[in-house]
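In what follows, a structure is listed as structure tokens, so that the remarks can point back to it.
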Amino acid sequence: MQVRGLHVRLGGAVILAGVDLTVAPGEWVTVIGPNGAGKSTLLRAVGGLLPAPGAVSLFGTPSGALRRRERARVVATVAQSPVVPAGMSVFDYVLLGRTPYIAPLGRESAADLAVVHDVLDRLDLTGFHGRELATLSGGERQRVFLARALAQGATLLLLDEPTSALDIGHQQEVLELVDQLRRTHGLTVLATMHDLSVAGEYADRMVLLADGRVVAAGPPDQVLTEELLSRHYRARVRVVPGDHGPLVVPSRPGPPRH
Amino acid sequence: MRSTPAPAGTRDASRPARVTGTPRPAGLRKRWLAAGVLAVLVALVAGVSLGPVSLPPGSVAAELLNLLPGVRLDSGLTEREIAIVTELRLPRVVLGLLVGGMLALAGGCYQGVFRNPLADPYLLGVAAGAGFAVTAVITLGGVGAGGALTGMPVTIPLAAFVGSLGAVALTYLLGAAGGRDRSPATLILAGVAVSAFLAAGQTYLLQRHSDSIQQVYSWLLGRLGTAGWGDVRLILPYFVLTTVVVLLHRRELDVLSVGDDEASGLGLHPQRSRYLLIAAASLGTAAAVSASGLIGFVGIIVPHTVRLLAGSSHRVILPLSLLFGAAFLALTDVVARTAAAPAEIPIGVVTALLGGPFFVLVLRTARRVFP
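Protein chains in written order, with the working numbering: chain A, 574 to 831; chain B, 6 to 376.
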């Protein structure tokens with residue numbers, strides 16, 4: 574996946590001002606940056622939800638040259654807070670992921686149903702198939718959202734704040750699951766995240782976005798530095814080494830409390 | 006989590022899935038389809054049997070079967086009674102079935118397209134457009150027998166049809182003025198604006214021509230009374246077209262329920278689907294309104310009942326709304342013409358009397374159905 578010189582203006586404001594980004598097959602890249610930096614917009618442009626003429630190419634093909642259904646077979650997005658349709662069962666929701674393979678106005682084939690069964694099985698969701706999506710807990714729902722994206726059969730997975738609504742245990746569970754799927758399915762992952770320590774533990778590379786530009790890119794220990802984070806987040810942080818990457822700890826200004 | 010999964014999501018699922026239970030996609034279950042067809046048949050026989058001259062339902066059923074090619078049963082009805090069945094009551098009941106089915110189908114479609122439980126087929130100005138146009142031709146032209154207008158080359162049904170579609174077109178144009186970011190909400194607001202504008206025009210005309218008020222209101226409150234086979238033939242093509250287009254898109258409406266962004270990500274053109282469905286539903290509604298006037302609540306009552314009882318997928322809601330909407334209106338018409346016989350209660354009044362209390366029920370459950 575390649576992005577070259579991506580400019581996006583929305584409502585007269587410049588959201589992205591010449592973003593370059595390359596994600597290699599099988600790689601996990603996480604985009605970080607303060608609120609309003611353009612992270613979600615970048616993901617939307619890569620996912621084809623915003624016009625980005627000539628700027629995005631997917632597996633060697635300009636994104637604009639792909640028909641919507643073709644693009645849906647190579648890129649799957651899990652939005653920050655996906656709409657939960659009232660009354661829809663887990664099975665039917667995951668089946669929506671097969672839409673790019675079902676003929677317009679047609680109905681799902683036995684093969685589509687088999688894929689859904691398979692994905693539910695892999696994500697330990699088989700027991701949930703008849704449950705209404707709206708009745709699941711946050712962590713369970715996030716697994717179902719991932720299952721829907723997997724059912725799409727796409728190799729590029731775009732995750733917009735996949736763990737923002739989850740407690741720390743479910744965050745780890747979901748991210749471990751994504752990492753496992755990436756390794757076993759050869760998925761490429763492009764994610765946005767706010768929790769910098771967690772982001773650094775899972776990403777191969779990180780991209781720091783600020784004011785619509787890439788201001789730093791590289792392995793987590795090169796991007797998660799006290800100097801870069803305090804400058805672009807305007808936050809006081811301490812960065813300490815961890816087993817899987819640097820850990821970012823917020824540090825309140827002023828004298829220590831005793 | 007299983008430790009060695011093989012690639013999933015491929016077109017041909019190479020590995021057989023381990024299935025516990027038998028999950029099936031949401032779809033129309035046979036017993037519900039059978040119930041819907043039965044409701045239509047009951048409404049058909051009841052609608053033809055009941056009236057000033059009550060006919061035995063068994064004989065009526067036999068006479069209706071005689072209309073099928075190759076069937077010859079002795080119904081025991083006299084020539085006059087057969088004429089009552091085939092020339093007077095049957096066209097009225099069939100028109101009721103078509104209009105009821107159309108309004109309920111269009112209502113279910115609108116609720117899905119706009120993701121709004123209170124959307125009804127008149128949302129985008131159909132009612133106000135028809136009301137204004139009919140008021141204009143009645144007050145400015147004068148109407149002769151059978152709805153033919155004296156001194157004007159249009160009839161009331163034509164005025165209603167053109168007025169409805171004109172209003173929806175205006176709503177489209179206003180909604181589209183919002184540019185690329187136009188949302189379903191923009192269209193609804195445009196519909197509100199157009200409806201208010203046309204209602205104001207209608208009120209002005211009525212005030213200026215108060216002698217026509219009764220005539221206008223008798224149309225506005227809806228009627229199936231003057232129905233003949235001509236009315237049925239007139240709306241049948243629109244009924245077929247709308248039904249085919251909407252039912253073919255029933256799965257797409259389920260995809261649209263996850264929002265435009267996700268639907269786009271799944272390969273759909275949400276805007277295109279939405280406009281096509283709105284156009285089809287509006288065309289069918291305009292045809293229904295031109296034949297029967299304004300009949301409220303069917304488009305809300307029926308889809309919500311179906312949703313509550315049979316499931317929330319549009320694969321269930323749309324076909325069942327068509328069947329139960331048809332049966333509901335045909336049966337309501339029986340009430341309208343027998344409850345205060347020999348006088349007829351306007352059918353729109355009956356549907357609204359039933360619809361008011363039902364609306365409360367919908368509002369109480371809407372949070373569960375549409376969080």
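Note that CB positions come from ideal geometry on N, CA and C, so glycine has one too.
**Asked** When the Cβ atoms of the segment 754-765 of chain A are set against those of the segment 658-675 of chain A, are three or more pairs found closer than 8 Å?
**Response** For the pair of segments examined, the segment 754-765 of chain A was found not to touch the segment 658-675 of chain A: the number of CB pairs separated by less than 8 Å stays below three.
**Asked** Going by DSSP, what residues sit across from A590(A) in a beta bridge?
**Response** As a first step, residue 590(A) must be located in the first sequence, where it is residue number 17. Note: A590(A) sits in a beta bridge opposite H580(A).
**Item:** Identity of the residue in H805(A), R804(A), G815(A), A783(A) nearest A772(A) by Cα
**Value:** Position 199 of the first sequence holds residue 772(A). Of the candidates H805(A), R804(A), G815(A), A783(A), the one whose C-alpha sits nearest the C-alpha of A772(A) is G815(A).
**Request:** Take every Cβ of the segment 332-340 of chain B, pair it with every Cβ of the segment 264-280 of chain B, and state whether three or more of those distances are shorter than 8 Å.
**Result:** No, they do not touch.
**Prompt:** Using the beta-carbon of each residue, which ones in chain A are nearer than 8 Å to G113(B)?
**Reply:** Numbered from its first residue, the second sequence carries residue 113(B) at position 108. Going along chain A, no residue has its Cβ under 8 Å from G113(B), so there is no contact; the nearest lies around 14 Å.
**Item:** Neighbourhood of A315(B) by C-beta distance below 7 Å, restricted to the same chain and skipping five residues each side
**Value:** Position 310 of the second sequence, counted from the start, is the residue given in the question as residue 315(B). So the qualifying residues of the chain are W37, V321, L325.
**Request:** Assess, as a yes-or-no matter, whether the segment 705-723 of chain A is touched by the segment 733-745 of chain A under the definition of 3 or more beta carbon pairs within less than 8 Å.
**Result:** Segments in contact, yes.
**Request:** Give a yes or no on whether the C-beta atoms belonging to L639(A) and V647(A) are separated by under 9 Å.
**Result:** Position 66 of the first sequence, counted from the start, is the residue given in the question as residue 639(A). Position 74 of the first sequence, counted from the start, is the residue given in the question as residue 647(A). Contact flag set, yes.
**Prompt:** Is the segment 102-109 of chain B touching the segment 239-247 of chain B in the sense that three or more CB pairs, one from each, lie closer than 8 Å?
**Reply:** Contact check between the segment 239-247 of chain B and the segment 102-109 of chain B: three or more CB pairs, one atom from each, fall below 8 Å, which counts as touching.
**Prompt:** Any idea what DSSP makes of G609(A), helix, strand or coil?
**Reply:** On the first sequence, residue 609(A) is found 36 positions in, with the first residue counted as 1. In the structure shown, the three-state DSSP call for G609(A) is coil.
**Request:** For L225(B), I'd like the list of residues in its chain whose CB is within less than 8 Å of its CB, leaving aside the five on either flank, ordered along the chain.
**Result:** Along the second sequence, one-based indexing puts residue 225(B) at 220. Excluding residues within five positions, the ones whose Cβ falls inside 8 Å are G136, V139, G298, L299, G353.
**Request:** Give the DSSP-derived three-state secondary structure of G151(B) in the structure shown.
**Result:** For the purposes of this step, residue 151(B) is identified with residue 146 of the second sequence, where counting begins at 1. For G151(B), the predicted structure reports a pLDDT of 49, less than 50, and the residue's modelled location is therefore unreliable. A value from the coordinates is still provided. Here G151(B) carries a helix assignment [DSSP, helix/strand/coil].
**Asked** Pairing CB atoms from the segment 271-278 of chain B with CB atoms from the segment 71-91 of chain B, are three or more of them under 8 Å?
**Response** Touching, no, given that fewer than three Cβ pairs across the two stretches are closer than 8 Å.
**Request:** Take T356(B) as the anchor and find which of P96(B), S59(B), L72(B), A109(B) has the nearest alpha-carbon.
**Result:** As a position in the second sequence, residue 356(B) is number 351, starting the count at 1. It is A109(B).
**Item:** Top-ranked residue by Cα proximity to P351(B), from F202(B), H309(B), I305(B), G227(B)
**Value:** For the purposes of this step, residue 351(B) is taken as the residue at position 346 of the second sequence. Closest by C-alpha distance to P351(B), out of F202(B), H309(B), I305(B), G227(B), is G227(B).
**Prompt:** Between the segment 586-596 of chain A and the segment 781-801 of chain A, do three or more beta carbon pairs fall short of 8 Å?
**Reply:** Touching, yes.
**Residues from the segment 245-258 of chain B in contact with chain A, defined by Cβ distance under 8 Å** = So the list reads L253, H254, R256, E257, given in the order they occur along the chain.
**Beta-ladder partner(s) of M779(A), from DSSP** = Position 206 of the first sequence holds residue 779(A). Partner(s): T603(A), G791(A).
**Prompt:** Of all the options P28(B), N121(B), Q207(B), P162(B), which has the alpha carbon lying nearest to the alpha carbon of A687(A)?
**Reply:** Taking the first sequence and counting its residues from 1, the one referred to as residue 687(A) is at position 114. Nearest in C-alpha terms to A687(A), of all of P28(B), N121(B), Q207(B), P162(B), is P28(B).
**Prompt:** In chain order, which continuous runs of the alpha helix (DSSP H) of length 4 or greater are located wholly inside the segment 219-274 of chain B?
**Reply:** As far as the segment 219-274 of chain B is concerned, its whole alpha helix (DSSP H) runs of at least 4 residues are 234-253, 255-261, 265-270.
**Asked** Within this structure, are the beta carbons of G130(B) and V221(B) separated by less than 9 Å?
**Response** Here residue 130(B) refers to the residue found at position 125 of the second sequence. Here residue 221(B) refers to the residue found at position 216 of the second sequence. Taking 9 Å as the Cβ cut-off, G130(B) and V221(B) do not qualify as a contacting pair.
**Item:** Segment limits, beta strand (DSSP E) that includes S630(A)
**Value:** Numbered from its first residue, the first sequence carries residue 630(A) at position 57. For S630(A), the enclosing beta strand (DSSP E) has its first and last residue at 629-631.
**Item:** Rounded Cβ spacing between A776(A) and T603(A) (contact assumed at less than 8 Å)
**Value:** Looking up residue 776(A) in the first sequence gives position 203. Looking up residue 603(A) in the first sequence gives position 30. Their Cβ separation, rounded to whole angstroms, is 4 Å, which keeps A776(A) and T603(A) in contact under 8 Å.
**Members of the segment 304-324 of chain B near chain A, C-beta cut-off 9 Å** = Against chain A - using a Cβ distance shorter than 9 Å - the residues of the segment 304-324 of chain B are R312, G316, S317, S318, R320.
**Message:** Does the structure place the segment 86-97 of chain B close enough to the segment 68-78 of chain B that three or more beta carbon pairs sit under 8 Å?
**Reply:** Touching, yes, given that three or more Cβ pairs across the two stretches are closer than 8 Å.
**Prompt:** From the beta carbon of P675(A), is the nearest beta carbon of chain B less than 9 Å away?
**Reply:** Here residue 675(A) corresponds to residue number 102 of the first sequence, with the count starting at 1. Rather than Pro, the amino acid found at residue 675(A) in this sequence is Ile. Closer than 9 Å to some Cβ of chain B, the Cβ of I675(A) qualifies, so yes.
**Asked** Using 9 Å as the limit for Cβ to Cβ distance, is S326(B) near chain A?
**Response** The sequence position of residue 326(B) within the second sequence is 321, counting from 1. No, S326(B) does not count as interfacial toward chain A.
**Asked** If contact means a Cβ-Cβ distance below 7 Å, which residues of the segment 275-302 of chain B contact chain A?
**Response** The segment 275-302 of chain B vs chain A, Cβ under 7 Å: nothing.
**Request:** Please work out which residues of its chain come closer than 8 Å, Cβ to Cβ, to A332(B), disregarding the five sequence neighbours upstream and downstream, and give them in chain order.
**Result:** The residue you call residue 332(B) lines up with position 327 of the second sequence. Taken in chain order, the residues that qualify are G41, A44, V45, V47, A48, L102, G105.
**Message:** Between L271(B) and chain A, is the shortest Cβ-Cβ distance under 9 Å, so that the two count as touching?
**Reply:** As a first step, residue 271(B) must be located in the second sequence, where it is residue number 266. Yes, L271(B) counts as interfacial toward chain A.
**Prompt:** Listing by chain order, which chain A residues have their CB less than 7 Å from the CB of S188(B)?
**Reply:** By one-based count along the second sequence, residue 188(B) stands at place 183. By Cβ distance, chain A contributes nothing, its closest Cβ being about 14 Å from S188(B), past 7 Å.
**Request:** Would you please verify whether the beta carbon of R646(A) is less than 9 Å from any beta carbon of chain B?
**Result:** Taking the first residue of the first sequence as 1, we reach residue 646(A) at position 73. It does: the Cβ of R646(A) has a partner Cβ on chain B nearer than 9 Å.
**Message:** If you measure between the beta carbons of F202(B) and V294(B), is that distance less than 9 Å?
**Reply:** Start at 1 with the first residue of the second sequence, and residue 202(B) comes out as number 197. Start at 1 with the first residue of the second sequence, and residue 294(B) comes out as number 289. Taking 9 Å as the Cβ cut-off, F202(B) and V294(B) do not qualify as a contacting pair.
**Request:** At 7 Å on the CB atoms, spell out the chain B contacts of T761(A), in chain order.
**Result:** Locating residue 761(A) in the first sequence gives position 188, counting from the first residue. By Cβ distance, chain B contributes nothing, its closest Cβ being about 14 Å from T761(A), past 7 Å.
**Request:** Would you mind telling me which residues of chain A sit closer than 8 Å to V260(B), beta carbon to beta carbon, in chain order?
**Result:** Here residue 260(B) corresponds to residue number 255 of the second sequence, with the count starting at 1. Scanning chain A for C-beta atoms nearer than 8 Å to the C-beta of V260(B) yields L669, T672, reported in chain order.
**Message:** Which residues does DSSP list as the beta-bridge partners of D338(B)?
**Reply:** Residue mapping note: residue 338(B) aligns to position 333 of the second sequence, counting from 1. Answer by DSSP bridge pairing: none, since D338(B) is not bridged.
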